[in-house]
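Colleague: What the sequence shown shows, in our numbering, is residues 13 to 85, in sequence order. By construction, the Cβ of each residue, glycine as well, lies at the ideal position given by its N, Cα and C atoms.
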Amino acid sequence: MQRKFGRGLGYLSLVAQIGAIMVVPVSLGIYVGRLVDLYLGTQFLFTMILLVAGGAGGIVSVYRRVQALVKED
Numbered sequence: 013m014q015r016k017f018g019r020g021l022g023y024l025s026l027v028a029q030i031g032a033i034m035v036v037p038v039s040l041g042i043y044v045g046r047l048v049d050l051y052l053g054t055q056f057l058f059t060m061i062l063l064v065a066g067g068a069g070g071i072v073s074v075y076r077r078v079q080a081l082v083k084e085d
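Following this line, the structure appears as structure tokens:
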């Protein structure tokens, strides 16, 4: 019974880690993009550009993390 519980916590940890890997770059992209837009007087140009870049970076990071886990097993 203990083994199943520990395995479930491992999966929960993995899901939380993947979520954080996606949220952090997207949030930073929005924040920095908004600062640049306010500084340059543009509306949402840099916010959108850095949002997409953060999303792409997050996807690549998740892919690399999953590939590393697959190689471990």
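1) Between the alpha carbons of L40 and L81, how many angstroms are there, rounded?
2) Leaving aside the five residues before and after Q29 along the sequence, list all residues of the same chain whose C-beta is less than 8 Å from its C-beta, in chain order.
3) In its own chain, which residues sit with a C-beta less than 7 Å from the C-beta of M34, not counting the 5 before and 5 after it?
4) Quick check on I30: does DSSP put it in helix, strand or coil?
5) Hey, would you say V38 sits closer than 8 Å to G67, going by beta carbons?
Modeller: Reading it off the structure:
1) 26 Å
2) Within the same chain, and ignoring the five residues on either side of Q29 in sequence, the residues whose Cβ sits closer than 8 Å to its Cβ are R77.
3) The beta carbon of M34 sits closer than 7 Å to the beta carbons of G70 and V74 from its chain, once the five residues preceding and following it are set aside; these are given in chain order.
4) In the structure shown, I30 sits in a helix (DSSP, three-state: H, G or I).
5) Contact flag set, yes.
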